[in-house]
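Number of protein chains: 2
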Amino acid sequence: MRRAARLGSGAATMAPRSRTLVLTSRPGFANQTTKTVVLINGQQASFHSRPKLDSAAEATVIGGPSPLPEVELPEIPETPTKNKRVTIAEILERRRKAGRLVAPTAAGCDSGVFKGDSTGKPLAKDMSHHLSHEASIREPCKLKQAARHLKTPGIISLGGGLPCPEYFPINSISLSVPDYLHNPSLSPPEAHPTRQNITIGKYDTLPSAPDRKEYDLSIALNYAQAHGSAQLIRFVTEHTELVSNPPYADWKTCLTVGSTGALEQALRMLCDSSRNDSILTEEFSFATALETAHPLGIPTFGVPIDDQGLIPAELDTVLSTWSPSERHGRRKPHVLYTVPSGQNPTGATQGPERRKQIYDVCSKHDLVIIEDEPYYYLQLPPTTFPIAPPANTTEFLKSLLPTFLSMDTDGRVIRMDSFSKVLVPGSRLGWLTASDQFIERFLRHAEVANQGPSGFSQVILHKLLDETWGHEGYLKWLMVLQREYTERRNTLLEACKEYLPKEVVSWEVVRAGMFQWLRLNHTLHPDFRTKSILEIEEEIFDSCISKGVLIARGSWFRAELDLPPTGLFFRATFAAATPENMTEAIKRLGVAVRESFRL
Amino acid sequence: MRRAARLGSGAATMAPRSRTLVLTSRPGFANQTTKTVVLINGQQASFHSRPKLDSAAEATVIGGPSPLPEVELPEIPETPTKNKRVTIAEILERRRKAGRLVAPTAAGCDSGVFKGDSTGKPLAKDMSHHLSHEASIREPCKLKQAARHLKTPGIISLGGGLPCPEYFPINSISLSVPDYLHNPSLSPPEAHPTRQNITIGKYDTLPSAPDRKEYDLSIALNYAQAHGSAQLIRFVTEHTELVSNPPYADWKTCLTVGSTGALEQALRMLCDSSRNDSILTEEFSFATALETAHPLGIPTFGVPIDDQGLIPAELDTVLSTWSPSERHGRRKPHVLYTVPSGQNPTGATQGPERRKQIYDVCSKHDLVIIEDEPYYYLQLPPTTFPIAPPANTTEFLKSLLPTFLSMDTDGRVIRMDSFSKVLVPGSRLGWLTASDQFIERFLRHAEVANQGPSGFSQVILHKLLDETWGHEGYLKWLMVLQREYTERRNTLLEACKEYLPKEVVSWEVVRAGMFQWLRLNHTLHPDFRTKSILEIEEEIFDSCISKGVLIARGSWFRAELDLPPTGLFFRATFAAATPENMTEAIKRLGVAVRESFRL
Numbered sequence: 001m002r003r004a005a006r007l008g009s010g011a012a013t014m015a016p017r018s019r020t021l022v023l024t025s026r027p028g029f030a031n032q033t034t035k036t037v038v039l040i041n042g043q044q045a046s047f048h049s050r051p052k053l054d055s056a057a058e059a060t061v062i063g064g065p066s067p068l069p070e071v072e073l074p075e076i077p078e079t080p081t082k083n084k085r086v087t088i089a090e091i092l093e094r095r096r097k098a099g100r101l102v103a104p105t106a107a108g109c110d111s112g113v114f115k116g117d118s119t120g121k122p123l124a125k126d127m128s129h130h131l132s133h134e135a136s137i138r139e140p141c142k143l144k145q146a147a148r149h150l151k152t153p154g155i156i157s158l159g160g161g162l163p164c165p166e167y168f169p170i171n172s173i174s175l176s177v178p179d180y181l182h183n184p185s186l187s188p189p190e191a192h193p194t195r196q197n198i199t200i201g202k203y204d205t206l207p208s209a210p211d212r213k214e215y216d217l218s219i220a221l222n223y224a225q226a227h228g229s230a231q232l233i234r235f236v237t238e239h240t241e242l243v244s245n246p247p248y249a250d251w252k253t254c255l256t257v258g259s260t261g262a263l264e265q266a267l268r269m270l271c272d273s274s275r276n277d278s279i280l281t282e283e284f285s286f287a288t289a290l291e292t293a294h295p296l297g298i299p300t301f302g303v304p305i306d307d308q309g310l311i312p313a314e315l316d317t318v319l320s321t322w323s324p325s326e327r328h329g330r331r332k333p334h335v336l337y338t339v340p341s342g343q344n345p346t347g348a349t350q351g352p353e354r355r356k357q358i359y360d361v362c363s364k365h366d367l368v369i370i371e372d373e374p375y376y377y378l379q380l381p382p383t384t385f386p387i388a389p390p391a392n393t394t395e396f397l398k399s400l401l402p403t404f405l406s407m408d409t410d411g412r413v414i415r416m417d418s419f420s421k422v423l424v425p426g427s428r429l430g431w432l433t434a435s436d437q438f439i440e441r442f443l444r445h446a447e448v449a450n451q452g453p454s455g456f457s458q459v460i461l462h463k464l465l466d467e468t469w470g471h472e473g474y475l476k477w478l479m480v481l482q483r484e485y486t487e488r489r490n491t492l493l494e495a496c497k498e499y500l501p502k503e504v505v506s507w508e509v510v511r512a513g514m515f516q517w518l519r520l521n522h523t524l525h526p527d528f529r530t531k532s533i534l535e536i537e538e539e540i541f542d543s544c545i546s547k548g549v550l551i552a553r554g555s556w557f558r559a560e561l562d563l564p565p566t567g568l569f570f571r572a573t574f575a576a577a578t579p580e581n582m583t584e585a586i587k588r589l590g591v592a593v594r595e596s597f598r599l
Numbered sequence: 001m002r003r004a005a006r007l008g009s010g011a012a013t014m015a016p017r018s019r020t021l022v023l024t025s026r027p028g029f030a031n032q033t034t035k036t037v038v039l040i041n042g043q044q045a046s047f048h049s050r051p052k053l054d055s056a057a058e059a060t061v062i063g064g065p066s067p068l069p070e071v072e073l074p075e076i077p078e079t080p081t082k083n084k085r086v087t088i089a090e091i092l093e094r095r096r097k098a099g100r101l102v103a104p105t106a107a108g109c110d111s112g113v114f115k116g117d118s119t120g121k122p123l124a125k126d127m128s129h130h131l132s133h134e135a136s137i138r139e140p141c142k143l144k145q146a147a148r149h150l151k152t153p154g155i156i157s158l159g160g161g162l163p164c165p166e167y168f169p170i171n172s173i174s175l176s177v178p179d180y181l182h183n184p185s186l187s188p189p190e191a192h193p194t195r196q197n198i199t200i201g202k203y204d205t206l207p208s209a210p211d212r213k214e215y216d217l218s219i220a221l222n223y224a225q226a227h228g229s230a231q232l233i234r235f236v237t238e239h240t241e242l243v244s245n246p247p248y249a250d251w252k253t254c255l256t257v258g259s260t261g262a263l264e265q266a267l268r269m270l271c272d273s274s275r276n277d278s279i280l281t282e283e284f285s286f287a288t289a290l291e292t293a294h295p296l297g298i299p300t301f302g303v304p305i306d307d308q309g310l311i312p313a314e315l316d317t318v319l320s321t322w323s324p325s326e327r328h329g330r331r332k333p334h335v336l337y338t339v340p341s342g343q344n345p346t347g348a349t350q351g352p353e354r355r356k357q358i359y360d361v362c363s364k365h366d367l368v369i370i371e372d373e374p375y376y377y378l379q380l381p382p383t384t385f386p387i388a389p390p391a392n393t394t395e396f397l398k399s400l401l402p403t404f405l406s407m408d409t410d411g412r413v414i415r416m417d418s419f420s421k422v423l424v425p426g427s428r429l430g431w432l433t434a435s436d437q438f439i440e441r442f443l444r445h446a447e448v449a450n451q452g453p454s455g456f457s458q459v460i461l462h463k464l465l466d467e468t469w470g471h472e473g474y475l476k477w478l479m480v481l482q483r484e485y486t487e488r489r490n491t492l493l494e495a496c497k498e499y500l501p502k503e504v505v506s507w508e509v510v511r512a513g514m515f516q517w518l519r520l521n522h523t524l525h526p527d528f529r530t531k532s533i534l535e536i537e538e539e540i541f542d543s544c545i546s547k548g549v550l551i552a553r554g555s556w557f558r559a560e561l562d563l564p565p566t567g568l569f570f571r572a573t574f575a576a577a578t579p580e581n582m583t584e585a586i587k588r589l590g591v592a593v594r595e596s597f598r599l
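Read top to bottom, the protein sequences are chains A and B.
Be aware that the first sequence starts at 1, since it is given in full-length UniProt numbering, and climbs by one per residue.
Be aware that the second sequence starts at 1, since it is given in full-length UniProt numbering, and climbs by one per residue.
Structure (structure tokens):
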């Protein structure tokens with residue numbers, strides 16, 4: 001049932017010429033995530049109900065033109081539901097008007113305060129019927145509820161056991177990073193000609209600090225809220241607006257400990273084995289995702305795919321004709337887990353129309369969509385050479401495929417973003433975007449499951465992404481990565497063309513991610529009538545190992561292990577090996593395939 | 001049932017004069033934790049089945065004598081089951097013999113290889129009947145199983161999607177830290193006269209690196225095993241030997257994302273709501289721990305306590321007289337959750353004999369003990385002044401109370417350690433010590449729940465603890481903390497003596513941790529006959545707020561909310577506020593209590 005719409009999800013308007021955004025401190029308590037009180041020049045306020053910004057200036061592009069050839073980028077049609085774009089200039093202006101962000105130790109933060117205008121957008125639909133029993137009965141921490149008293153002026157807290165930062169035995173941290181904001185070179189990090197040295201002190205936020213900052217070690221290394229620091233939430237919220245600008249009012253973000261953990265939390269939030277729940281996914285799906293669901297008593301059911309991944313009509317058929325008796329007694333599913341871009345393992349990327357159709361089927365059948373997008377920014381051009389990079393970050397943003405989030409008028413999408421593939425996997429840091437309702441329940445779990453990501457990770461990523469690069473520099477960096485992975489993909493494809501027997505091996509040019517999916521025509525195998533697909537797969541896999549190449553077997557990714565395999569597949573990554581080794585590896589694979597097929 | 005004992009839990013002996021410990025690389029796969037293969041000079045080997053080390057030299061004590069007065073430390077009797085101590089010198093010698101640790105990207109690691117001799121120790125008892133259904137059915141990742149092929153010489157991996165470190169946009173990280181190893185000053189970090197600057201490069205482990213190291217950013221910031229890096233596991237394993245030296249052979253360690261997350265994982269590993277499981281704990285227990293259990297459908301039942309915490313005879317009675325019909329239909333519990341040192345919220349610390357008695361009751365009734373010890377190293381001397389610090393790190397180690405782990409002949413203890421209270425909470429990093437059986441099941445979950453702690457946290461802690469301070473410097477740092485918290489505790493106690501009405505408020509001098517528990521004699525309250533304990537508690541709490549002090553209400557920590565409260569308590573921390581503010585806060589509390597009791 002649709003709840004009544006109202007203007008934005010906040011309360012008051014922004015004070016004119018305000019210069020300081022204060023998130024109320026919770027110095028005495030770890031874990032609390034009570035509703036944020038935003039004080040702007042002492043007045044309670046919210047960003048997202050203020051009048052529209054006047055400024056519509058272009059994004060400040062710092063640095064000279066790109067050194068890459070200016071080639072026309074293949075047009076990707078805009079999805080019909082794609083929203084008005086938010087620009088970096090608007091975000092910078094919003095920040096300027098809001099003033100300094102003050103978010104001390106363990107400050108609560110509602111990401112909504114960092115969003116733009118939500119006027120006219122509907123509220124998310126009520127999705128409470130999708131919650132698991134475990135998720136429904138979670139209650140806020142008692143200690144957290146007490147934290148509201150810390151607003152009392154002059155109060156001294158003997159409440160929560162937070163150590164004093166004077167006992168943190170690290171006085172400062174420095175980083176050396178490439179300067180993608182000011183230097184136009186799009187070389188990868190180690191070849192980049194300009195490096196910046198960033199130092200993070202313990203008390204950089206104090207008024208007495210020489211070059212006063214918004215975040216420091218005394219805050220980042222103490223206990224914090226499970227949702228993550230306001231400082232980094234602001235960045236990912238603005239970034240989400242730049243990319244998706246969700247079309248409903250009460251969307252929120254929170255940090256996660258990476259999408260691996262976020263998926264497990266999401267499944268525990270949505271699925272109950274005792275309710276006969278299950279999830280739908282591509283018929284070949286990320287093995288670890290499947291292995292996350294199964295111990296919870298949640299089976300996975302596959303939906304047929306083509307070269308654009310999940311087929312909407314097939315999804316509709318699966319749902320419309322669902323029969324528990326044919327599905328191990330499971331009721332009609334209410335969750336779809338999908339990797340829309342560079343799907344793991346097939347590498348398939350859903351086109352704009354495909355995404356809209358899938359969303360509509362999910363809306364028709366009232367499914368929650370878990371949109372897992374680790375490879376979203378590794379979208380690769382369709383042709384091999386010449387590489388046609390976007391001319392600037394505005395073009396780059398325009399070139400990106402529409403997200404499910406960008407068409408989510410219902411609030412049924414839970415999007416998982418990760419820094420693992422675009423910065424470093426070791427950050428163990430990502431973020432979730434979903435309706436307020438889902439984010440709130442997710443956080444009640446995060447408070448006891450992990451307390452949010454590492455403070456080291458948070459402060460280092462904040463310094464790099466927000467304070468040093470900014471949105472402009474970060475998007476430039478993503479353009480560098482796009483170019484690098486395009487070259488890697490092309491190297492692998494050239495090797496496939498050169499060394500694989502085309503009479504039995506076929507593939508689609510992969511349009512995103514890190515994986516190339518290879519289909520072998522098993523019906524042409526000489527032992528087709530005497531050996532199973534799995535036996536032939538194993539034979540080729542073992543032969544590859546003996547020839548010195550490790551490649552992933554397609555059967556490892558099957559969503560339903562009790563069904564007979566329908567084809568013979570292998571997955572190859574172009575992320576890890578050097579170009580020379582990739583070529584050599586594909587050559588070895590070619591020999592193994594020829595031997596097995598006796599070509 | 002006791003399994004057959006064998007020599008250690010490893011396989012072969014150590015090669016003579018070996019200089020390199022190689023943990024097999026898993027460059028192609030995230031998440032895998034297959035059984036470690038340890039290669040020492042090319043031979044498969046294990047540390048813990050080799051002959052005893054010859055060297056018995058004293059720990060290398062670097063730096064001059066302590067500047068603190070040499071006062072006799074109050075004797076704490078050794079527990080009867082305490083094992084032979086392992087010394088830092090033995091560990092240093094063991095490392096010297098083992099040679100360089102080589103553990104590349106995503107290397108698998110069995111912590112057993114870092115342990116000393118286990119000859120003569122029994123194996124842990126089989127505890128599989130304690131596992132939950134979810135824990136029992138977890139299977140290793142398919143992708144991980146394939147990782148064994150990476151041992152094949154010359155193999156090229158197109159298997160796992162690990163990004164190349166050349167795309168990590170951080171070239172180096174530097175830290176400024178106090179030098180507790182070489183400088184004898186025991187000043188807190190900001191006042192310490194000697195600082196060291198540590199730089200972590202991306203490729204410090206390469207043979208070509210000028211000052212070749214064992215860990216670097218290319219490894220730490222890529223995908224890693226859920227158990228954490230071998231580099232940091234080695235440190236915590238050795239540290240666990242120094243402190244506990246568990247008396248059974250097949251104990252292991254693994255890193256965790258902090259004890260908050262570790263507790264939830266442990267509860268999911270051990271408890272099934274559908275099996276009518278529950279857990280026992282102190283009658284007042286950590287609120288967040290209780291809130292972790294309840295949404296899983298796991299009720300908590302309290303065991304009576306005294307000034308040394310949990311009472312063994314009461315625990316025995318609870319278990320011996322357990323009746324499901326009087327306990328909401330729950331079967332006799334099989335898990336005890338306890339905080340033995342500086343218990344939260346009561347501050348109670350179990351003495352050595354108390355611990356042994358509790359262990360024996362748990363052994364008698366076949367309970368798993370979750371030993372949650374965030375405050376273990378904040379053990380405080382009994383008297384207020386003068387402070388009597390240990391003379392050196394050897395004395396410090398000897399002064400520490402025996403852990404449950406140190407008396408665990410059965411392998412029924414799951415010990416959770418954390419760096420939150422002794423380094424920085426923001427590390428979100430701790431470690432688990434338990435039997436191989438429990439660690440293995442715990443890791444199968446960690447692989448999908450969080451993939452282990454942040455790489456930033458791991459590499460920074462490794463550099464600080466292992467490479468810069470070493471065991472000697474880290475123990476000195478813990479001595480600094482012990483002294484600082486003793487002073488803080490004493491400040492709070494002085495204020496209590498000065499400002500609280502002793503006719504109604506009483507307390508024990510807290511012997512560990514961050515919390516002072518205050519008991520108010522509610523029978524002396526003028527409204528004793530007309531108001532409930534909770535009403536009086538709320539009245540005093542509210543009065544405190546209006547007077548400017550936040551203190552935690554005792555009722556927030558009650559293990560069984562459906563029972564009537566038995567007393568009136570408040571919890572005050574001496575960790576967070578400045579000494580002046582602490583004194584002022586207790587003064588305000590005193591006024592509130594006097595007003596309520598009309599004194």
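The beta carbon of each residue, even a glycine, is placed where N, CA and C say it ideally should be.
Beta-carbon contacts of residue i that lie in its chain and below 6 Å, excluding the five residues immediately before and after
i                      : result
residue 612 of chain B : Because chain B is modelled from 1 through 599, residue 612 of chain B falls outside the range shown and cannot be assessed.
A:L315                 : V303 and V361
A:S506                 : R519
A:S218                 : P165, K202 and Y203
A:L429                 : F419, P453 and S457
CB contact check: residue i to chain A, cutoff 9 Å
i      : result
B:R553 : yes
B:K421 : yes
Residue burial classification, residue i (beta-carbon count within 10 angstroms, cutoff 16)
i      : result
A:D542 : exposed
B:D562 : exposed
A:T486 : buried
Beta-carbon proximity list for residue i, same chain, < 7 Å, skipping 5 on both sides
i                      : result
B:L405                 : S244, P246, E371, V413, R415 and T433
residue 618 of chain B : With chain B represented from 1 up to 599, any question about residue 618 of chain B goes unanswered, as that position is not in the structure.
Same chain, Cβ closer than 8 Å to residue i, neighbours up to 5 away in sequence not counted
i      : result
B:R212 : D204, T205 and L206
Cβ of residue i within 9 Å of any chain B Cβ
i      : result
A:T288 : yes
Beta-carbon gap between residue i and residue j smaller than 9 Å
i      : j      : result
A:I439 : A:H133 : no
B:K202 : B:I170 : yes
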